[in-house]
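Residue numbers (my numbering), protein chains in the order written: chain E, 1053 to 1719; chain Y, 173 to 319.
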């Protein structure tokens, strides 16, 4: 079967009505891209809820109807959620399933599931069937018991392995039953059960007839009472089995709830850690501010420094000018005296001859110029001003910088880091506080108390069941013994009936043996197919294959056929996918595979291997992927020709996701 | 003009500057109000702000001049930078503090204040040789806007 179209209304983050065409099976792959929180899991849940009436959150717990109804729609008064699935069966028949839940009129806040009315409708080949047939139709096309192998969260792919290993005998048995259901074993077991019923019926008739015979009546009476006792034990066994299963169900639900609280308890621990870190950062910030305040008290001296440096440079220039002027003045005064003497003597100092008039004129001109210059220099060469400037320069130099600027800069850099860290911590803490705001610590204690009580109850029931099973086995042996003795009496009137019983007994044993062989063959076939797929998916060439156990748990074998004890989360996912692939190959009922976040735990090579493999997994494979696990251009190119439809989840707000078709083809 | 101005023995603070100093102290940027006051004077001086001797109206007493300037460094700096204010250095200091605290206050971003950033701007303002001094001198000689 394939799902041709999904229509949903107000489902989770999808506001209003949305229609998603999933192709007509021309190509197997449908790829839906969406970032975290955009609505990928909600798409998977819409299909699951449409078929089976429940949706699961990431912890595997069932979600309430209130959580399924789109928040915006609910606030606007459209308190309704609906899903319609258009399915084409393997016989080409069209099946339309619709499930709707609407809040009851008059309920102010529709919080409980009981606050909603359920409406189901089913159409087969265009004919509307009574809604009572909804579950039968679903059971025919994709029974819930096998849905875990078709609709699954990639992150939880190893769930079945955990169930087999850690979920206890009942959980492991349930997985085994699901697997045998998908492989078609129940068709054989139903045959055996029918023969068993016929044999018991013949046995009853034989006992009834035997009691009429004087030679056998005593033994027949005794056998009758044994059988009656045994039937009582079997009824007790069935009743206790049902109770046990119910209690285990309650226990599982409680443990799921406690798992949720485990995450919340971890959140509370993180929050506490963040608060301690914030306190330490706050103390560090206070210390840094105190240190900075101490430096800031002296910073005014550093703040003055640039301006004072300017002033000092100016003053030093002025003083230097005066110093030069004083030197120049001294020279000019000497020159003036020399020129005046030369003029008054009018004789050349070198040759002792009287000076010519031309030379005298030159000296006079020089004297006039030197006198003018001397006068000018006397104004500039102000010794008092120079002393004054020296005093000022000394004063300004005394105002020494405190040298705290660099220390302040360093403190401020650290303050910046501290504040950034405080901001980041605050953001994280706000998220955690938000997650923890509705948690009642008393509820956790109460859940733990209930779990412990249930654990004791389950253990007591398992003891009772074991004891009952022993008594049933003893009873069965006694009955068989007595039945044998009774038949040895060779009552002529009962010879035909005796033959009938013997034939039925042989037939029952034959069925048992056939079923056993069938299961063994199927298990071996699952192991072969899973190993074949595993080799295609794994990148590790040192593995020789997989080994399957009685409960369909798979173990990786190394090249010496020794079991590999430890395996990574990625390996778990590859093994689980190998099993799913094998079951899909061997399934008597084929369905579409919808995988949410299938590549989350995988490295590049495993992702490429799995991407090449998934188109062969089923007739229709819907992949719900995010950008972090799959790069559209790079990763999808190789399987581009196997893609039928491609969508992207646009996510403008948390309650307005839109599934939009991606038109362009991946190159 | 300067001959008629006498100096002060205590420095004052306007209501607005007092509020800014309180805020700086409450936010932990300064230990004492006088630290901010002193830094204000230095910042105004380095940014080339010119003291306005008349602008004392409405100011309340802040602290004594000996408390403000125990080693006379502020007085020396003002006297040398503004020779016109040589006879009233603390009156000048008071007005420079008003202007400088306002600069510091304006430098705040929300409740944050980076003194390193302030110092960097201050150095930039003095990087062009003589720019601050020249503009300040020009203002002093040409008259003070707003007086």
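All C-beta atoms, glycine included, are put in the ideal place defined by N, C-alpha and C.
- Close partners of residue 1349 of chain E in chain Y (Cβ separation under 9 Å): 202, 203, 204, 206, 207, 210, 211.
- According to the DSSP assignment, residue 1076 of chain E belongs to no beta strand (DSSP E), since it is labelled neither H nor E.
- Measuring C-alpha to C-alpha distances from residue 1584 of chain E to each of E/1602, E/1565, E/1629, E/1656 identifies E/1629 as the nearest.
- Along the stretch 242-265 of chain Y, going in chain order, the ones with a CB nearer than 7 Å to a CB of chain E are 245, 248, 249, 252, 253.
- With the criterion set as a beta carbon lying under 8 Å from some beta carbon of chain Y, the members of the stretch 1432-1462 of chain E are 1444, 1447, 1448, 1450, 1451, 1457, 1460, 1461, in sequence order.
- When DSSP states are grouped into helix, strand and coil, residue 1062 of chain E belongs to the coil group.
- Under the DSSP definition of a beta bridge, residue 1152 of chain E partners with E/1134, E/1171.
- No Cβ-Cβ contact shorter than 8 Å links residue 1267 of chain E with residue 1502 of chain E.
- Taking a C-beta distance under 8 Å as the contact criterion, residue 1678 of chain E and residue 1092 of chain E qualify as a contact pair.
- One thing to note: residue 269 of chain Y has its Cβ within 8 Å of the Cβ of residue 189 of chain Y.
- With a cut-off of 8 Å on Cβ pairs, the stretch 1058-1066 of chain E is in contact with the stretch 1112-1124 of chain E, counting three or more such pairs.
- Residues of chain Y with a Cβ closer than 8 Å to the Cβ of residue 1472 of chain E do not exist; the shortest Cβ-Cβ separation is about 12 Å.
- Only buried fits residue 1300 of chain E, as 16 or more other CB atoms lie within 10 angstroms of its CB.
- Close CB contacts of residue 1513 of chain E within its chain, under the 7 Å cut and outside five residues either way in sequence, are with 1292, 1295, 1296, 1299 (chain order).
- Of the candidates E/1684, E/1707, E/1303, E/1684 places its Cα closest to the Cα of residue 1082 of chain E.
- Relative to the Cα of residue 1313 of chain E, the nearest Cα in the group E/1492, E/1638, E/1707, E/1645 belongs to E/1492.
- For residue 1695 of chain E, no alpha helix (DSSP H) encloses it; the enclosing beta strand (DSSP E) starts and ends at 1695-1702.
- Less than 8 Å separates the beta-carbon of residue 1194 of chain E from that of residue 1643 of chain E.
- Per DSSP, residue 262 of chain Y is one residue of the alpha helix (DSSP H) stretching across 261-279.
- Residue pairing from DSSP places residue 1597 of chain E in a beta bridge opposite E/1609.
- Spatial neighbours of residue 223 of chain Y in its own chain (CB-CB distance under 6 Å, excluding positions within 5 residues in sequence) are listed in chain order as 257, 264, 267, 268.
- Under the three-state reduction of DSSP, residue 1707 of chain E is assigned to coil, being neither helix nor strand.
- Against chain Y, the beta carbon of residue 1356 of chain E has neighbours under 7 Å at 214, 217, 218, 249, listed in chain order.
- It is roughly 26 Å from the alpha-carbon of residue 1076 of chain E to the alpha-carbon of residue 1106 of chain E.
- Restricting attention to E/1429, E/1130, E/1186, the CA atom closest to the CA of residue 1160 of chain E is found in E/1130.
- Per the Cβ contact rule, the stretch 1389-1397 of chain E is not in contact with the stretch 1340-1348 of chain E (fewer than 3 Cβ pairs under 8 Å).
- The beta-carbon distance between residue 1499 of chain E and residue 1306 of chain E, rounded to whole angstroms, is 6 Å. This is short enough to meet the 8 Å contact definition.
- With respect to the C-alpha of residue 272 of chain Y, the residue from E/1132, E/1356, E/1283, E/1435 having the closest C-alpha is E/1356.
- In this structure, DSSP gives residue 1286 of chain E a helical state, which the three-state scheme calls helix.
- Beyond the five residues adjoining it in sequence on each side, residue 1381 of chain E comes within less than 7 Å, by CB distance, of 1426, 1429, 1430, 1433 in the same chain, given in chain order.
- Chain-order list of chain Y residues neighbouring residue 1327 of chain E: empty, with the shortest C-beta distance near 22 Å, by a criterion of under 8 Å.
- Residue pairing by DSSP places residue 1146 of chain E opposite E/1140 in a beta bridge.
- At a Cβ-Cβ threshold of 8 Å, residue 1345 of chain E and residue 200 of chain Y count as neighbours.
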